[in-house]
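Novice: One structure is given below, represented as structure tokens, and several questions about it will come after.
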Amino acid sequence: KRNKEELFGFGVTEEELWGSDFLKSQLLAQNFALFCFVYCLAFHSLFAHQNKGKLLSFQFLSLTFFTKRTIIFFVVLLLQGLFGFASIMTGARDKIGEVPFFIYVAIILSPLFSLLTEIFVYVKYMEWRRNYQLQLKLEFDTKLGMYSPVMSPAGEQ
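Note that this note's numbering has the sequence shown beginning at 93, numbered continuously upward.
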């Protein structure tokens, strides 16, 4: 006999689904996902621009773009970490010990994985583009050779 409170016949009551433990786990998962997302964006922003010139020409503000981006990277991670820490400590302090170690490793390695994927796709695209350009050059050279004024059938008259 099924309980009236069961949801979708899976044996999970509404209290178990929307209870305190579920909401704490959800808060924890949201904060970890948000930190991972911000970490990936900040990590990719370090390598987004290749301009190494001076931002301003004043002598006392002569940090390069990369140095400023590195400082901003750590400030953004610090602020996001503080936000996540405050959010977790107010709502899910007792659940933080239940997070497995591989989640932390996955968060640390996720921007490296996405950056390597981006580099792989870029290299494959450049290889495809180079081959396509060589194919177009061969086609153009062949047509130019066929219809050049020196070798054209009309020039032999």
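Just so you know, even glycine gets a beta-carbon here, dropped at the ideal spot from N, CA and C. These numbers were taken from a predicted model, which means no experiment stands behind them.
Does DSSP put residue 193 in a helix, in a strand, or in coil?
Specialist: Translated into the one-based positions of the sequence shown, residue 193 becomes position 101. Residue 193: helix per DSSP, three-state reduction.
Novice: Using the beta-carbon count (16 or more within 10 Å), is residue 172 buried or exposed?
Specialist: Within the sequence shown, the letter at position 80 stands for residue 172. Its Cβ being crowded by 16 or more others within 10 Å, residue 172 is buried.
Novice: Can you find at least 3 beta carbon pairs, one from the segment 122 to 132 and one from the segment 190 to 208, that sit closer than 8 Å?
Specialist: yes
Novice: Does the separation of the CB atoms of residue 165 and residue 137 fall below 9 Å?
Specialist: As a working note, residue 165 is residue 73 in the sequence shown. As a working note, residue 137 is residue 45 in the sequence shown. Taking 9 Å as the Cβ cut-off, residue 165 and residue 137 qualify as a contacting pair.
Novice: State the Cα-Cα distance for the pair residue 139 and residue 115, rounded to the nearest angstrom.
Specialist: Indexing the sequence shown from 1 puts residue 139 at position 47. Indexing the sequence shown from 1 puts residue 115 at position 23. Each residue's Cα considered, the two are about 37 Å apart.
Novice: Could you check what DSSP says for residue 121 in three-state terms: helix, strand or coil?
Specialist: Numbered from its first residue, the sequence shown carries residue 121 at position 29. Residue 121 falls in the helix class under three-state DSSP.
Novice: Please say whether residue 208 and residue 135 have beta carbons closer to each other than 9 Å?
Specialist: Taking the sequence shown and counting its residues from 1, the one referred to as residue 135 is at position 43. Taking the sequence shown and counting its residues from 1, the one referred to as residue 208 is at position 116. Taking 9 Å as the Cβ cut-off, residue 135 and residue 208 do not qualify as a contacting pair.
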